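The next block holds one structure in the form of structure tokens; read it before the comments.
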Amino acid sequence: SQELEQSPQSLIVQEGKNLTINCTSSKTLYGLYWYKQKYGEGLIFLMMLQKGGEEKSHEKITAKLDEKKQQSSLHITASQPSHAGIYLCGADIGNEKLTFGTGTRLTIIP
Amino acid sequence: NAGVTQTPKFQVLKTGQSMTLQCAQDMNHEYMSWYRQDPGMGLRLIHYSVGAGITDQGEVPNGYNVSRSTTEDFPLRLLSAAPSQTSVYFCASSGTGSGNTIYFGEGSWLTVV
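Chain order of the listed sequences is V and F. Quick note: the first sequence, position 44, residue 44 per our numbering, numbers continuous. Heads up: take any position in the second sequence, counting from 1, add 110, and you land on our numbering.
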């Protein structure tokens, strides 16, 4: 079973709508990273969260780490075609390794 | 600003051939790692290293070797390529300790026929 579960696995959203992607762990998250990957390309770092309750924003993307540090959400406001891609959460769960979720494939339709 | 450099970007191998994926970083990072990305599986850790001379296995180490003779380089060797190793490979590096940004290479697309 995955140590880090992402949901949904895929998402189709009309341009202009808001959306949320979740990343859940059964273990404490010591550091939570969000990356975006455009189809056929490398990973782009979006944000890192460490403290319970922390929230960061960049342009129209906001990420939060819950107080218990076991779940993070990524929220996109007023989605645009440039937001399309695969979103990956990665986490330090205290074992020296960075564990990744399976990714969420986001498609934006006109 | 090189960051993490991976080569080659694309490679086709025949079953049974060996090859090395190169990874180099110029940020003096102690931590380096290799992942493979397959559809529906996310990124899975193959091997990682917390410093020169130290390597350890990740989730899916079979069929791969690594070495870390310098801080900068962390090559991944496929000993005898199999079709199951067809994947996209990513190298990553970061400083040790929590709170460090992890930097990824651009990926290497490997096909084994």
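Note that beta-carbon positions come from the ideal geometry of N, C-alpha and C, so glycine has one too. The structure displayed is predicted, hence computed values, not measured ones.
Minimum C-alpha distance to residue i - residue among the options
{"i": "SER26 of chain V", "options": "V:GLY85, V:GLY103, V:ALA84, V:ASP66", "result": "V:ASP66"}
{"i": "ILE21 of chain V", "options": "V:ALA63, V:GLU54, V:LEU43", "result": "V:ALA63"}
{"i": "SER10 of chain V", "options": "V:GLY85, V:PHE45, V:LYS56", "result": "V:GLY85"}
Sequence-distant residues of its chain with Cβ nearer than 7 Å to residue i (five each side left out)
{"i": "HIS139 of chain F", "result": "SER203, SER204, GLY205"}
{"i": "GLN167 of chain F", "result": "HIS157"}
Rounded straight-line distance, which links the Cα of residue j to that of residue i
{"i": "PHE100 of chain V", "j": "GLY90 of chain V", "result": "4 Å"}
{"i": "ASN210 of chain F", "j": "LEU186 of chain F", "result": "23 Å"}
{"i": "TYR141 of chain F", "j": "VAL160 of chain F", "result": "4 Å"}
{"i": "ILE93 of chain V", "j": "THR125 of chain F", "result": "36 Å"}
{"i": "GLN147 of chain F", "j": "GLY173 of chain F", "result": "16 Å"}
{"i": "SER143 of chain F", "j": "ILE156 of chain F", "result": "8 Å"}
{"i": "ALA78 of chain V", "j": "ASN175 of chain F", "result": "45 Å"}
{"i": "GLY42 of chain V", "j": "GLN116 of chain F", "result": "11 Å"}
{"i": "GLU130 of chain F", "j": "PHE200 of chain F", "result": "The residue you asked about is not Glu; residue 130 of chain F is Thr in the sequence shown. Computed Cα separation, rounded: 13 Å."}
{"i": "GLU54 of chain V", "j": "THR196 of chain F", "result": "38 Å"}
{"i": "MET151 of chain F", "j": "ALA162 of chain F", "result": "29 Å"}
{"i": "TYR30 of chain V", "j": "PRO81 of chain V", "result": "32 Å"}
Assigned secondary structure, residue i (DSSP; H/G/I helix, E/B strand, else coil)
{"i": "HIS139 of chain F", "result": "coil"}
{"i": "SER177 of chain F", "result": "coil"}
{"i": "GLN14 of chain V", "result": "strand"}
8 Å Cβ shell around residue i - same chain, five flanking residues per side excluded
{"i": "GLY52 of chain V", "result": "LEU65, ASP66, GLU67, LYS68, LYS69"}
{"i": "TYR213 of chain F", "result": "GLY113, VAL114, GLN135, MET137, HIS139, ALA202, SER203, SER204"}
{"i": "ARG178 of chain F", "result": "MET142, SER159, GLY161, ALA162, GLY163, ILE164, THR165, PHE184"}
Minimum Cβ-Cβ distance from residue i to chain V less than 7 Å
{"i": "GLY81 of chain F", "result": "Any answer about residue 81 of chain F is impossible in this case: the structure gives chain F only from 111 up to 223."}
{"i": "THR276 of chain F", "result": "Because chain F spans 111 through 223 in this model, residue 276 of chain F falls outside it and cannot be assessed."}
{"i": "GLY217 of chain F", "result": "yes"}
Close-in-space but distant-in-sequence residues of the same chain around residue i (CB under 6 Å, 5 per side omitted)
{"i": "GLY217 of chain F", "result": "VAL198, PHE200"}
{"i": "THR102 of chain V", "result": "GLN6"}
Proximity test, residue i beta-carbon vs the ligand COA heavy atom, cut-off 6 Å
{"i": "LEU189 of chain F", "result": "Ligands in the displayed structure: none, and consequently the ligand COA is not present."}
Min CB distance residue i to chain F below 7 Å
{"i": "GLY85 of chain V", "result": "no"}
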